[in-house]
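Numbering (the numbering used here), first residue to last: 10 to 781.
Don't be surprised by glycine CBs; every beta carbon is placed ideally from N, CA and C.
Only one structure is covered here, and it is reproduced in the block below.
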Amino acid sequence: FLGLATGIACSIIILLFLRNELTYDRHHENSDRIYRISSNFITSGDPVLFAISSPALGPRLKEEYPEIEAFVRIAPTSEVLFESGEDHFYVRGIVFADVAIFQAFTYPLLHGDAETCLTDPETIVLTERLAQKYFGNDNPMGKVIRVANRYNLKVTGVMKDPPQNSHIPIEGIISFASWETENNSLRWPIYEIFGYTYVMFPEGYSLDSFFTKFPAFYEKYVKKDEPNYNQVFEPIFLKLADVHYNTVGFRGEMPLGNRAYLFAFFFIGIFILVLACINYINMTTARSATRAKEIGMKKVLGSKKKDLMSQLLGESLLIALAALVIAYAAVWALLSLTGFNSSLDLALNKSMLFNPILILILLGICLLVGIGSGLYPAFYLSAIAPVSAISGKFSSSRKGIQTRRGLVLFQFMISLGVVILTLFMNRQIDFMRNQDLGFKQENVLSIALRGSDVLAKTPAFREELLRNPNITSASMGIGRPGSPGGGLYTFEGQEGMEEHNFAVFLAGFDYLQTLGIEVVSGRDFDRSYTSDVQEAVIVNEALTKFMKWDNPLGKRIKQFTFFDGHVVGVVKDFHFASLHNKIEPLLIRMLQEPAGALYIRLKGENLVQTMGFLEEKWKELSANRPFLYSFLDAQFDRQYNADLRQNRLIKFFSYICILISCLGLLGLSSFTSQRRTKEVAIRKVLGASSLQIILIMFREIFVLVVLAAIAAVPISLYFINMWLGNFAYKTNLNILIFGAAAFGAVLVAFFTASYHSVKVAQTNPAKNLKYE
Numbered sequence: 010f011l012g013l014a015t016g017i018a019c020s021i022i023i024l025l026f027l028r029n030e031l032t033y034d035r036h037h038e039n040s041d042r043i044y045r046i047s048s049n050f051i052t053s054g055d056p057v058l059f060a061i062s063s064p065a066l067g068p069r070l071k072e073e074y075p076e077i078e079a080f081v082r083i084a085p086t087s088e089v090l091f092e093s094g095e096d097h098f099y100v101r102g103i104v105f106a107d108v109a110i111f112q113a114f115t116y117p118l119l120h121g122d123a124e125t126c127l128t129d130p131e132t133i134v135l136t137e138r139l140a141q142k143y144f145g146n147d148n149p150m151g152k153v154i155r156v157a158n159r160y161n162l163k164v165t166g167v168m169k170d171p172p173q174n175s176h177i178p179i180e181g182i183i184s185f186a187s188w189e190t191e192n193n194s195l196r197w198p199i200y201e202i203f204g205y206t207y208v209m210f211p212e213g214y215s216l217d218s219f220f221t222k223f224p225a226f227y228e229k230y231v232k233k234d235e236p237n238y239n240q241v242f243e244p245i246f247l248k249l250a251d252v253h254y255n256t257v258g259f260r261g262e263m264p265l266g267n268r269a270y271l272f273a274f275f276f277i278g279i280f281i282l283v284l285a286c287i288n289y290i291n292m293t294t295a296r297s298a299t300r301a302k303e304i305g306m307k308k309v310l311g312s313k314k315k316d317l318m319s320q321l322l323g324e325s326l327l328i329a330l331a332a333l334v335i336a337y338a339a340v341w342a343l344l345s346l347t348g349f350n351s352s353l354d355l356a357l358n359k360s361m362l363f364n365p366i367l368i369l370i371l372l373g374i375c376l377l378v379g380i381g382s383g384l385y386p387a388f389y390l391s392a393i394a395p396v397s398a399i400s401g402k403f404s405s406s407r408k409g410i411q412t413r414r415g416l417v418l419f420q421f422m423i424s425l426g427v428v429i430l431t432l433f434m435n436r437q438i439d440f441m442r443n444q445d446l447g448f449k450q451e452n453v454l455s456i457a458l459r460g461s462d463v464l465a466k467t468p469a470f471r472e473e474l475l476r477n478p479n480i481t482s483a484s485m486g487i488g489r490p491g492s493p494g495g496g497l498y499t500f501e502g503q504e505g506m507e508e509h510n511f512a513v514f515l516a517g518f519d520y521l522q523t524l525g526i527e528v529v530s531g532r533d534f535d536r537s538y539t540s541d542v543q544e545a546v547i548v549n550e551a552l553t554k555f556m557k558w559d560n561p562l563g564k565r566i567k568q569f570t571f572f573d574g575h576v577v578g579v580v581k582d583f584h585f586a587s588l589h590n591k592i593e594p595l596l597i598r599m600l601q602e603p604a605g606a607l608y609i610r611l612k613g614e615n616l617v618q619t620m621g622f623l624e625e626k627w628k629e630l631s632a633n634r635p636f637l638y639s640f641l642d643a644q645f646d647r648q649y650n651a652d653l654r655q656n657r658l659i660k661f662f663s664y665i666c667i668l669i670s671c672l673g674l675l676g677l678s679s680f681t682s683q684r685r686t687k688e689v690a691i692r693k694v695l696g697a698s699s700l701q702i703i704l705i706m707f708r709e710i711f712v713l714v715v716l717a718a719i720a721a722v723p724i725s726l727y728f729i730n731m732w733l734g735n736f737a738y739k740t741n742l743n744i745l746i747f748g749a750a751a752f753g754a755v756l757v758a759f760f761t762a763s764y765h766s767v768k769v770a771q772t773n774p775a776k777n778l779k780y781e
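Written as structure tokens, this is what we have:
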């Protein structure tokens, strides 16, 4: 029963997780009518996909397509500085957006007018939790917030906290008009992109109608800019609810989901339920001898086989229902009283447990579990012959014993497969995190530079830091390993200039030294060359191979009319993206002015004193901005957050698989030991030791576990190879992991099965034989 309740509890958790993932953005009432328009810029015949689009696109489309009910531009920001009295804190999830966001999307307002709250510049709508954090219990309406040392924003609305399963997390909305006053989006060409564009069509609208009119739109607003950018623009429409899982490879995209993970957890949920049902079947058939007389008497008294089957199936359904109630209570307690969500990086809400559809699904699962686990025992027990049952001569048939053995073998095969997969995931993640990346990421500190006041003082701040003997170098940069930028450039090729869209870093002097990137040909950026700021480019080896440059130094690289430079150096290939991807071509240009982040290489000694020094100097630079920093190795590791999350979840469920298998084995060994008490007593009389008896009773289980291990290897290898397909660089398959998993399974099975065997082996044989 405990195994069944545990299995159902795990299934509930997995169902909550799947529901949360599969309902991304579906809480918006118009989700089926809202489309996000992404950009496909075709360069030299090659498509380059961007999630973002031009801020001019939405207004222009509205002009030419009157059927569009609303357009919304949403531009997420990085952390934004909020000031509250003497306190200063950064807030994530602040976006610029048009007022139509409240017409198209479902963001219920607690205070404010949805039609006007974001019409004027320098207005903001806060979520309930941000308003509480900023104003406490005071009414925030009409109050002014100082943001980013730049905007004085008037609070014109407070909205309910949105669900977490949104592809753009929102904590506050600044009117897009605040951005417009400085930028005037209608002057932007379609090829210049900023933020996301959404349109809401009427019910039943066909996109074929849109594309019928699109050539005229293209001719009017896009064609004239083609020569300047040498690209063809194509809009890509995605329904709002499809964005989270269907934009892999789009640049500028928000964090995405992975459908492969959903399938993995779905099947793990199925496996756990199957294991729980196997336990029930094994336990019920093992108890058949104790119920044989009851079944025999009922048959003698006139009960028919179908009546007995109904009774036994009814018992199974009642047990499944009771297990469901216990499982429901356990999951509610787990989400309410423990740190389960935070420990596994989940966002499950206990209120989801009371969703009517989920309750119906769980009742359906309960029905399936009850029937599935009770059907075989019902057939098996109802077929017992009355004479043999009443006379006490009934014993488990050879067929029944073989069935139980097969079920135990299947249990351990599944559990071992999940354990092996978990061990290999650990190995692959450790391999990625400890791989030589080609640059020195240790002891490099990153401080984001925000605000014109900070940027103006940064060069002097850098010089001040370098006076500290524990700081070896410092440099500014936009783009870093783990977060490269990108851009369209023209390269000197074998047959003239060629256009390519490659990864780009913008770097200051000493950037390569600070990050420990090795120059293999040519030179680093050099202050003695006054032209470097305007013209110098450094490329990696992958780019020289792609361009087939035998001598890359001096090769010309251009970007539209903005930049005309040449290669001065080549760096050794290094991993500037995660090990999911192969090393791609990269070019490094010089920053024209302070921007991005300041990267500081520390000696690694006297870290406490050095961090104190940095914080003190930061307060001198900007007293009203918190000193926020991160280490480069930690930033790079964040690329593997999804893998770590998946690994934690699978590890958790692998423990559950083992627990359920052991519970079943514990119950089965209990009944086996009871049935063999007289055999054990006779063996002891004939001189067998307790250890010999334990080993004899464990022999059968040992054979089953070994067979399960052999069967689990090819199954786990299939899933391991499928998972490793996500990585360009992968660890070797170590045979020791299979051996360790098999040995661990044998050990766990031995200790589980021996619990009852020890009790029987140590019992005085006279006690078990006194009635013979």
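Checklist entry - Using the beta-carbon count (16 or more within 10 Å), is Phe-784 buried or exposed? => result A question about residue 784 goes unanswered here, because the residues of the chain that appear run from 10 up to 781.
Checklist entry - For Pro-490, does the count of other Cβ atoms within 10 angstroms reach 16, so buried, or fall short, so exposed? => result Pro-490 should be labelled buried.
Checklist entry - Touching or not, the segment 427-443 and the segment 734-742, by the rule of three or more beta carbon pairs under 8 Å? => result yes
Item to check | Buried or exposed (CB count within 10 angstroms, at least 16 for buried), Met-706 | outcome: Flag for Met-706 reads buried.
Checklist entry - Would the beta-carbon of Glu-180 fall within 8 Å of that of Gly-102? => result yes
Checklist entry - Do Ala-717 and Met-422 have their CB atoms nearer than 8 Å? => result yes
Checklist entry - On the three-pair Cβ rule with 8 Å, is the segment 83-97 touching the segment 105-115? => result yes
Item to check | Close-in-space but distant-in-sequence residues of the same chain around Asp-34 (CB under 8 Å, 5 per side omitted) | outcome: Ser-40, Asn-174, Ser-175, His-176, Leu-249, Ala-250, Val-252 and His-253
Checklist entry - What three-state label does DSSP hand Ser-47 in the structure shown? => result strand
Item to check | Bridge partner(s) assigned by DSSP for Asp-573 | outcome: Lys-567
Item to check | Ala-690, enclosing alpha helix (DSSP H) - first and last residue | outcome: 686-694
Item to check | Length of the line joining the Cα atoms of Gly-578 and Leu-521 | outcome: 11 Å
Item to check | CA-to-CA distance, Leu-58 to Arg-260, given in whole angstroms | outcome: 6 Å
Checklist entry - Exposed or buried, Glu-450, counting other C-beta atoms within 10 Å across all chains shown (16 or more means buried)? => result A quick correction: the sequence has Gln, not Glu, at residue 450. With 16 or more other Cβ atoms inside 10 Å of its own Cβ, Gln-450 counts as buried.
Checklist entry - What did DSSP end up calling Ala-516 once you bin it into helix, strand or coil? => result strand
Checklist entry - Helix, strand or coil: how does DSSP classify Asn-510 here? => result strand
Checklist entry - At what residue ranges does the segment 122-151 contain a whole run of the alpha helix (DSSP H), taking only runs of 4 or more? => result Runs found: 137-144.
Item to check | Through-space distance from Asn-237 to Tyr-198, alpha-carbon basis | outcome: Per the sequence presented here, residue 198 reads as Pro, with Tyr not at that position. Taking the straight line from one Cα to the other gives about 10 Å.
Item to check | Phe-583 beta carbon less than 8 Å from that of Phe-448 | outcome: yes
Next on the checklist: Tell me which residues share the same chain as Ala-332 and place their Cβ nearer than 7 Å to its Cβ, disregarding the 5 neighbours each side in the sequence.
Outcome noted: Phe-10, Leu-13, Ala-14 and Ile-17
Item to check | Check whether Met-209 and Arg-42 have beta carbons under 8 Å apart | outcome: yes
Checklist entry - Helix, strand or coil for Glu-501 per DSSP? => result strand
Checklist entry - Helix or strand or just coil, what does DSSP make of Asn-161? => result strand
Item to check | Buried or exposed by the 16-neighbour rule on C-beta atoms within 10 Å, applied to Phe-585 | outcome: Under a 10 Å Cβ-count criterion, Phe-585 is classified as buried, with 16 or more other Cβ atoms of the shown protein chains found around its own Cβ.
Item to check | Every unbroken beta strand (DSSP E) within the segment 180-207, with a cutoff of 3 residues, ordered by chain | outcome: 181-184
Checklist entry - Should the segment 554-562 be called in touch with the segment 457-471, which here means at least 3 C-beta pairs below 8 Å? => result no
Checklist entry - Between Leu-668 and Met-263, what straight-line distance do the alpha-carbon atoms span, to the nearest angstrom? => result 38 Å
Next on the checklist: Going by the DSSP bridge assignment, what does Met-209 pair with across the sheet?
Outcome noted: Ile-43 and Ala-79
Next on the checklist: Using only the alpha-carbon positions, how far apart do Ser-699 and Ser-766 sit?
Outcome noted: One C-alpha to the other measures close to 9 Å.
Checklist entry - In whole angstroms, what is the alpha-carbon distance linking Ile-429 and Tyr-664? => result For Ile-429 and Tyr-664, the distance between alpha carbons rounds to 12 Å.
Item to check | Residue from Gln-141, Ala-140, Thr-165 and Ser-492 with nearest C-alpha to Asp-129 | outcome: Thr-165
Item to check | Beta-carbon separation (whole angstroms), Glu-92 vs Asn-477, contact threshold 8 Å | outcome: With a Cβ gap of about 30 Å, Glu-92 and Asn-477 do not count as contacting.
Item to check | Distance between Ile-746 and Glu-781 (C-alpha atoms, nearest Å) | outcome: Below a pLDDT of 50, predicted positions are generally treated as unreliable, and Glu-781, at 48, falls in that range; no measurement from the model is reported.
Item to check | Same chain, Cβ closer than 6 Å to Val-241, five either side skipped, listed in chain order | outcome: Same-chain partners within the cutoff: Ile-51.
Checklist entry - Name the DSSP bridge partner or partners of Thr-52? => result Asp-55
Checklist entry - For the segment 222-235 against the segment 67-74, are there 3 or more C-beta pairs whose distance is under 8 Å? => result Taking a contact to require three or more Cβ pairs closer than 8 Å, the segment 222-235 and the segment 67-74 qualify as touching.
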